[in-house]
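If you count the sequence shown from 1, position 80 lands on 514 in the numbering used here, and the numbers rise without skipping. C-beta atoms are modelled at their ideal positions from N, C-alpha and C, and glycine is treated no differently. As the structure is a computational prediction, the values presented were derived from the model and not from experiment. Notes for the one structure printed next.
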Amino acid sequence: HARGRVTVEVKNGAKTAVAEFTYVELMVEKSTPSEGGAGTIVTIYGEGFSEELANNVVMVGDQVLKVTESTATTLKVEMPALGTGAYTFTVKVGERVCTGGSFTVAPLWYVETVAGSVQGTKDGIGKEAKLEIVQHLAMGPDGKVWFTSRGAKDKNAIRTLDPKTWDVKTVIGTDNALINNTHLWGSTFDSKGNYYVAGKAAGKVFKIAAGTNEISVLPLPAHKLTSNPMCVLTDAQDNLYLLNRANPSYISVYDKNLVLKHDWPVNLFAEHMAWNKDKTKLYIGTSGAPFGIFEFDPATGEMKKIAGTKDKPASAAATTDGEPGNPLTATIGQIEGIAVDAEGNLWFSDVTTATVRVLVSGEGGDYTKGTVKTRAGMNFVPKYPGVDGLGTNAGLKYPCGLLPMPDGSMLLADGTGFTIRRIYSK
């Protein structure tokens, strides 16, 4: 019978009973992740596979792959050492054969934990330090990474990480009454070295003046500042951009004298935004419906969606990086961090899938013609404590803030993993 659902009817005299039966074929629908190298675990989705592990044969070219798990609809295989290029999978079950899915051999990405191990607030080097929920990372003029810790009472702090030694030191501790119970969120520096951080639960923005460790409340004009200021950025002229997660949300723009210039409606449930390289466009990642990544032009107030389907993925099987060149076909969940690296790649941390992903722009730097790729994390497999290693085999707990580093690597605030992780290629 052809593939599909049929009804089986049983008659006994005048009585009739029915049952449904589905005919399946051996077929491959897709595979994830889409790229990597030797040791990458790839999940192949389809139907007609055997639940008996040994009955499934998976090949790329003439190489037989190691099958590590099998169900009727999924196969997990370990990729061998292959030359650079794109590969298609061949699956054999008994006498049946099919092809499908794709995998591209590219430079490998890895994850390593550089700071933190367990929850707490203790200074120290690398894993000797204890961290609370790490939310956001910002590069200071002193070459150190400044990061915010958030939470309820006695959890909020502002700390630094030395990328040369991974030494963690506290700037403003959890005992500071001004920031206590404020849920510190996004942060940034201006051109003069002043540090700004949004205090979400307090409805305030705090400032640490350059060269000091004194924190104060930024005297923003009272107008529509909500209890949810989430992200603060500055542009090339030191104008201040504040993303307020309200209903509806909006971006407030202040000049360097803190005079309110605009309240741009955003109409998105969003927490984080990032500049492009020349600070002319803002990219906003949503943490609620509509899910995806949006481009905002602060000169005109124009907003357009550049990546993500309508809905967030509900399972690993429903997660896809989408079609190359069409990022609107990628499924994207709750975004808790977003950053643009030196090459113009748009990185984002996806809490729903517990992964870090990147939107690589298309020709001419056009993100709408770009491709989404998963760099780190196992889809829908949050890990605490985190697992280091090959990017898509590594385990992330709650990926939050992202910070591009001068060496081409990416630092990740792994929120409720209470760690800072480094994502790098070689």
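Assuming residue i and residue j are in contact, meaning their beta carbons sit under 8 Å apart, how far apart are those beta carbons, in whole angstroms?
i	j	result
Asn628	Lys638	Not a contact, Cβ separation roughly 16 Å.
Trp709	Leu716	6 Å
Leu836	Gly771	4 Å
Gly380	Glu512	Because residue 380 is not part of the residues shown, which for the chain are 435 to 860, the question remains open.
Leu595	Ile854	6 Å
Ile857	Val790	6 Å
Pro900	Thr787	Only positions 435 to 860 of the chain appear in the structure, and residue 900 is not among them; the question remains open.
Leu845	Met839	6 Å
Ile559	Trp619	That belief does not hold up - the Cβ atoms of Ile559 and Trp619 are roughly 27 Å apart, past 8 Å.
Gly480	Glu463	5 Å
What is the rounded straight-line gap between the Cα of residue i and the Cα of residue j?
i	j	result
Val785	Gly495	35 Å
Lys711	Gly778	7 Å
Asp669	Met707	13 Å
Phe537	Ala520	6 Å
Thr456	Thr522	27 Å
Val444	Arg530	31 Å
Ala680	Ala563	35 Å
Cys665	Thr507	42 Å
Leu509	Asn813	15 Å
Pro394	Gly829	Since the first residue of the chain shown is 435 and the last is 860, residue 394 is not available in this structure.
Val568	Gly574	17 Å
Glu566	Val527	49 Å
Val440	Thr582	57 Å
Gly633	Thr547	27 Å
Glu757	Cys834	25 Å
Gly550	Val700	35 Å
His696	Phe623	21 Å
Glu459	Ala488	19 Å
Val442	Asn827	44 Å
Asn673	Ala764	34 Å
Asp745	Gly767	8 Å
Lys500	Ile478	13 Å
Leu652	Lys690	12 Å
Asp822	Thr616	32 Å
Based on the DSSP secondary-structure assignment, which residues constitute the bridge partners of residue i?
i	result
Trp709	Leu716
His570	Thr582
Glu443	Val452
Phe782	Ile772 and Arg791
Lys738	Glu729
Pro838	Met844
Phe640	Val631 and Val651
Met461	Glu481
Ala591	Ser583
Asn760	Glu757
Ile857	Val545 and Met844
Glu469	Thr538
Pro833	Asp848
What's the call for residue i, buried or exposed, on a 16-neighbour Cβ count within 10 Å?
i	result
Gly585	buried
Asp731	exposed
Asn647	exposed
His435	exposed
Arg437	exposed
Ser465	buried
Val452	exposed
Glu736	exposed
Glu804	A quick correction: the sequence has Gly, not Glu, at residue 804. Result: buried.
Asp841	exposed
Asn590	buried
Ser650	exposed
Leu692	exposed
Could you tell me which whole beta strand (DSSP E) segments of length 3 or greater appear in the region 481-562? 490-494, 500-504, 508-512, 519-527, 530-539 and 543-549
Which full runs of the beta strand (DSSP E) of 3+ residues lie inside the region 789-830, going along the chain? 789-794 and 805-810
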